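Asker:
See the structure below:
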């Protein structure tokens, strides 16, 4: 039987839902999590593991428009568009283009800088509190280039970031290879971001957080899909595969699957679409890198993890129902080979595809509408912002002020709830 009298029911057990649930459970609230599959098995399992607090600009800018043809027609390029999906994508893409205008672009940038600015410290505190220090590493990350022109771009980008309080250091080739001797000599230099981090074992983090949540009395229902939800006078009716309940308060943390439920329960249509991402895990490639390495030209990331080297990246627009195109994952190996000094052993490698929920303004929805709390739409930064978002949800739950302005993340920026 499902617990009928919990203070909060969380729909979605990814890293955002789990962090939010644990944060509130630790404050004495009774909390239940529903997940359609297993806790933490979606994008929370397959992401790049990078705590990317340096990424303070929207997911697209005007320069992308000029690069679109080359990216789309390059089989190893970072972007793929399923032409059959274009009619569904177009409304979201049009809003994305409008947000590239100088004024909204600047507003979005400030909001991303604000939430990322509290996210690394939030993760460090969270790691200490919940025994995650073995896997949450704050050793920095690098963005490297293979050309002299790229080095000039990095220099300009680094100066811009330093001016707005995102610390970085330009490394020449010798400095880069001294830091990361596993890289090939074709790497000409890099930006070092010392105040960034990565997670070396995502599964262990999810397992440990779930253990703490359950140990405190939290309840988890896995393989329990929510079939319907509707507002009634005394709460929110959740019709699940394990029965129907009336919830006093609900938190929606369903990532890319949040859009239709938010529309149903609030009346607001969020301009959200899915950037399908891929990874290739190389269990035989260990101790090659010490920090996440991103390529400016190749537009993907290599993250050292306990289970091997994870290659991740690419953006694919094909919606939620199209089958995975695993050639996108295997292409990552072709991108990585020229970047590493020694040969890559891809024996026992594994591939994965998952959904990044991206709003047209690149900002998450972190809000409360009546009895419903919302925490979704974090694009490439779901892991990065998971703990800071959970703390904002905690503030909303208890009616407290937050350390940052919550206004940029309100649902009402997309329409008035109830209309």
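In my numbering, the protein residues as written are 2 to 420.
Don't be surprised by glycine CBs; every beta carbon is placed ideally from N, CA and C.
This one's a predicted model, so the numbers in the text were calculated from it and none came from an experiment.
Should residue 395 be labelled buried (16 or more other beta-carbon atoms within 10 Å of its own) or exposed?
Answerer: Sequence index remark: in the chain shown, residue 395 carries index 394 (1-based). Buried, by the Cβ-count rule.
Asker: Is the beta carbon of residue 214 closer than 7 Å to that of residue 22?
Answerer: The count along the chain shown starts at 1 and reaches residue 22 at position 21. The count along the chain shown starts at 1 and reaches residue 214 at position 213. In this structure, residue 214 lies closer than 7 Å to residue 22 by Cβ.
Asker: Taking residue 85 as part of the beta strand (DSSP E), name the residues at either end of that continuous run.
Answerer: One-based indexing of the chain shown puts residue 85 at position 84. Counting along the chain, residue 85 falls outside any beta strand (DSSP E), and DSSP gives it neither H nor E.
Asker: Would residue 238 and residue 247 qualify as a contact pair, given that the criterion is a beta-carbon distance under 7 Å?
Answerer: Indexing the chain shown from 1 puts residue 238 at position 237. Indexing the chain shown from 1 puts residue 247 at position 246. For residue 238 and residue 247, yes; Cβs fall inside 7 Å.
Asker: From the DSSP secondary-structure annotation, give me the bridge partner or partners of residue 93.
Answerer: Here residue 93 corresponds to residue number 92 of the chain shown, with the count starting at 1. DSSP, once it has assigned bridges, lists no residue as partnering residue 93.
Asker: Would you kindly check if the distance between the Cβ of residue 119 and the Cβ of residue 1 is under 7 Å?
Answerer: Outside the shown range of the chain (2 to 420) lies residue 1, about which nothing can therefore be said.
Asker: For residue 48 versus residue 281, is the C-beta spacing smaller than 7 Å?
Answerer: As a working mapping, residue 48 is identified with position 47 in the chain shown. As a working mapping, residue 281 is identified with position 280 in the chain shown. Not a contact, by the Cβ cut-off of 7 Å.
Asker: State the DSSP-derived secondary structure class of residue 381, mapped to helix, strand or coil.
Answerer: Position 380 of the chain shown, counting from 1, holds the residue named residue 381. Correct three-state label for residue 381: helix.
Asker: If you draw a straight line from the C-alpha of residue 65 to the C-alpha of residue 329, how long is it?
Answerer: Counting from one through the chain shown, the residue named residue 65 turns up at place 64. Counting from one through the chain shown, the residue named residue 329 turns up at place 328. Near 20 Å, if we compare the C-alpha coordinates of residue 329 and residue 65.
Asker: Determine the DSSP secondary structure at residue 255, reduced to helix, strand or coil.
Answerer: Position 254 of the chain shown holds residue 255. The answer is coil: DSSP assigns residue 255 none of H, G, I, E or B.
Asker: Smallest Cα separation from residue 350: which of 334, 43, 344, 339?
Answerer: What you label residue 350 is simply residue 349 of the chain shown in a count that begins at 1. Checking every option, the nearest Cα to that of residue 350 belongs to 334.
Asker: Compute the Euclidean distance between the alpha carbons of residue 3 and residue 37, then round it to the nearest angstrom.
Answerer: Start at 1 with the first residue of the chain shown, and residue 3 comes out as number 2. Start at 1 with the first residue of the chain shown, and residue 37 comes out as number 36. Residue 3 and residue 37: Cα-Cα distance of roughly 15 Å.
Asker: From the DSSP output, in three-state form, read off residue 163 for me.
Answerer: The residue given as residue 163 occupies position 162 in the chain shown. Correct three-state label for residue 163: helix.
Asker: From this set, 374, 323, 415, which residue's C-alpha is nearest residue 85's C-alpha?
Answerer: Within the chain shown, residue 85 is the residue found at index 84, counting from 1. Selected option, being the one with the closest Cα: 323.
Asker: Assuming residue 43 and residue 377 are in contact, meaning their beta carbons sit under 8 Å apart, how far apart are those beta carbons, in whole angstroms?
Answerer: Translated into positions along the chain shown, residue 43 becomes position 42. Translated into positions along the chain shown, residue 377 becomes position 376. 12 Å between Cβ atoms; not a contact.
Asker: Going by the DSSP bridge assignment, what does residue 277 pair with across the sheet?
Answerer: For the purposes of this step, residue 277 is taken as the residue at position 276 of the chain shown. Answer is 317, 356, bridged to residue 277.
Asker: Compute the Euclidean distance between the alpha carbons of residue 5 and residue 360, then round it to the nearest angstrom.
Answerer: For the purposes of this step, residue 5 is identified with residue 4 of the chain shown, where counting begins at 1. For the purposes of this step, residue 360 is identified with residue 359 of the chain shown, where counting begins at 1. Residue 5 and residue 360: Cα-Cα distance of roughly 33 Å.
Asker: If distances are taken between C-alpha atoms only, which option among 24, 62, 19 comes closest to residue 46?
Answerer: Here residue 46 corresponds to residue number 45 of the chain shown, with the count starting at 1. If we check each option's Cα against that of residue 46, 19 comes out closest.
Asker: Skipping 5 residues on each side, what residues in its chain have a beta carbon closer than 7 Å to that of residue 392?
Answerer: Reading the chain shown from its first residue, position 391 is the one you call residue 392. So the list reads 24, 123, once near-sequence residues are dropped.
Asker: Under 6 Å Cβ to Cβ from residue 386, same chain only, skipping five residues before and after it: list those, please.
Answerer: Taking the first residue of the chain shown as position 1, residue 386 is located at position 385. If we look at residue 386 and ignore the five residues flanking it on each side, its Cβ neighbours are 116, 120, 379.
Asker: Can you check whether the CB of residue 137 is closer than 7 Å to the CB of residue 40?
Answerer: To locate residue 40, count along the chain shown from 1; it is residue 39. To locate residue 137, count along the chain shown from 1; it is residue 136. No.
Asker: Select from 272, 100, 53 the residue whose C-alpha is nearest the C-alpha of residue 168.
Answerer: Looking up residue 168 in the chain shown gives position 167. Nearest option by C-alpha distance: 53.
Asker: Using only CA atoms, which one of 164, 155, 211, 208 lies nearest to residue 191?
Answerer: Your numbering for residue 191 matches position 190 in the chain shown. Out of 164, 155, 211, 208, 155 has the C-alpha closest to the C-alpha of residue 191.
Asker: Measure the C-alpha to C-alpha separation of residue 1 and residue 108 and round it to an integer number of angstroms.
Answerer: Because the chain spans 2 through 420 in this model, residue 1 falls outside it and cannot be assessed.
Asker: Output the distance between the C-alpha atoms of residue 187 and residue 340, rounded to the nearest integer angstrom.
Answerer: As a position in the chain shown, residue 187 is number 186, starting the count at 1. As a position in the chain shown, residue 340 is number 339, starting the count at 1. Their backbone Cα atoms lie some 7 Å apart in a straight line.
Asker: Drop a sphere of 10 angstroms on the beta-carbon of residue 152, count the other beta-carbons inside from all chains shown, and report buried for 16 or more, exposed for fewer.
Answerer: In the chain shown, counting from the first residue as 1, residue 152 sits at position 151. Classification of residue 152: buried, given that the 10 Å Cβ count is 16 or more.
Asker: How would you label residue 212, buried or exposed, when you count the other beta carbons within 10 angstroms and need 16 or more for buried?
Answerer: For the purposes of this step, residue 212 is taken as residue 211 along the chain shown, with counting starting at 1. Exposed, by the Cβ-count rule.
Asker: How many Å lie between residue 133 and residue 149 at the Cα?
Answerer: As a working note, residue 133 is residue 132 in the chain shown. As a working note, residue 149 is residue 148 in the chain shown. Roughly 40 Å between the two C-alpha positions.
Asker: Give me, in chain order, the residues of the same chain whose beta-carbon lies closer than 7 Å to that of residue 300; leave out the 5 immediate sequence neighbours on both sides.
Answerer: Position 299 of the chain shown, counted from the start, is the residue given in the question as residue 300. Non-local C-beta neighbours of residue 300 in its own chain, meaning closer than 7 Å and more than five positions away in sequence, comprise 79, 314, ordered along the chain.
Asker: Which full runs of the beta strand (DSSP E) of 3+ residues lie inside the region 125-181, going along the chain?
Answerer: 142-146, 170-173
Asker: Whose C-beta lies closer than 6 Å to the C-beta of residue 194 among residues of the same chain, with five residues either side of it excluded?
Answerer: Locating residue 194 in the chain shown gives position 193, where the first residue counts as 1. Here the set comprises 55, 141, 142, 169.
Asker: Measure from the alpha carbon of residue 317 to the alpha carbon of each residue in 222, 278, 408, then state which is nearest.
Answerer: Along the chain shown, one-based indexing puts residue 317 at 316. The option with the nearest alpha carbon to residue 317 is 278.
Asker: Using a threshold of 7 Å, state whether the C-beta atoms of residue 293 and residue 309 are closer than that.
Answerer: Here residue 293 refers to the residue found at position 292 of the chain shown. Here residue 309 refers to the residue found at position 308 of the chain shown. Taking 7 Å as the Cβ cut-off, residue 293 and residue 309 do not qualify as a contacting pair.
Asker: Which residues in the same chain as residue 397 place their Cβ atom closer than 6 Å to its Cβ, once the five residues preceding and following it in sequence are excluded?
Answerer: What you label residue 397 is simply residue 396 of the chain shown in a count that begins at 1. Result list for residue 397: 369, in chain order.
Asker: Could you give the DSSP three-state label for residue 1: helix, strand or coil?
Answerer: Outside the displayed span of the chain (2 to 420) sits residue 1, for which this structure offers no information.
Asker: Helix, strand or coil: how does DSSP classify residue 209 here?
Answerer: Numbered from its first residue, the chain shown carries residue 209 at position 208. Correct three-state label for residue 209: helix.
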